[in-house]
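Input: a single structure, listed below in structure tokens.
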Amino acid sequence: MSLLQVLAGLAIVFFLPGYTLVCLLFPRKGELDPEYDVVYRVALGMGLSIVIAIFVGFALNAISTDEQGYVSAGPLWVSLLSITGLFFLGGWFLGAYPWMGLLHPKLYRDPPPRKVAGMKLMPVAKGREAERFLVERDQLLRDIDKFAARSSTSNPNKQLYYRRRIEQARARVEQVNGLLARLEEER
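Dropping the structure here:
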């Protein structure tokens, strides 16, 4: 068995079916997590690929024509590749692969409009902007908590510094809330 066959087998059993299923279920970038989206996609893809390979193996073993009931590599390859292809087509249809537009402009599919927490359905560009503001607001609120905890255990100069940082963060939170309200009104 060549090294290429081993690498292809590892990819089809341990990565591709699950990753394409994750892209089918969560087609937009940052949908799983704004910061670590790729890490979550790869981890979920690996876990789901193993589960998919096991279920395909069970299904093929149940319909096996071999008298011993064992599954050979050929049907397993065909089944996993066809499932991966179906997941890929479904993900492409939902807009999970915008890089396909680089191959040919007709292959580009726009992701569906997103629903941002606390807001109604909106177009993709405004949804991305609103999501960016929500992430920024969450980070600012975490920073305010962190600064408040640090100011209580610091010397007077540091306390003054952290109080200023808290005031700056609160002012920015108010700005972000105003921008989110403006986005909601424009919709």
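Heads up, the sequence shown is in this note's numbering, so the first residue is 11 and it goes up one at a time.
The beta-carbon is built from N, C-alpha and C at its ideal position, and this holds for glycine as well.
Since the model is a prediction, treat every value here as computed from it, not as a measurement.
- Taking the Cα positions, ARG160 is about 28 Å away from GLY188.
- The region 38-52 and the region 71-87 do not touch, with fewer than 3 CB-CB distances between them shorter than 8 Å.
- Looking only at ILE60, PHE143, ILE176, the smallest Cα-Cα distance to ALA191 is reached by PHE143.
- Each of SER59, VAL32, PHE65, ALA63 was checked against the Cα of TYR50, and the nearest Cα belongs to VAL32.
- Across the structure, ASN165 and LEU151 are spaced so that their CA atoms are roughly 23 Å apart.
- Burial check for PHE157: the Cβ neighbour count within 10 Å reaches 16 or more, so the residue is buried.
- Taking all protein chains shown into account, THR163 has fewer than 16 neighbouring C-beta atoms within 10 Å of its C-beta and is therefore exposed.
- Just so you know, the alpha carbons of LEU26 and GLU45 end up roughly 22 Å apart.
- Uninterrupted alpha helix (DSSP H) stretches at least 4 residues long and entirely within the region 16-77 occur at 26-35, 47-72, given in chain order.
- Assigned with DSSP and collapsed to three states, TYR172 falls in helix.
- Of the candidates PRO85, LEU17, VAL61, SER59, PRO85 places its Cα closest to the Cα of ASN71.
- If the five residues before and after SER89 are omitted, its C-beta is found closer than 8 Å to the C-beta atoms of VAL66, ALA69, LEU70, all from its own chain and listed in chain order.
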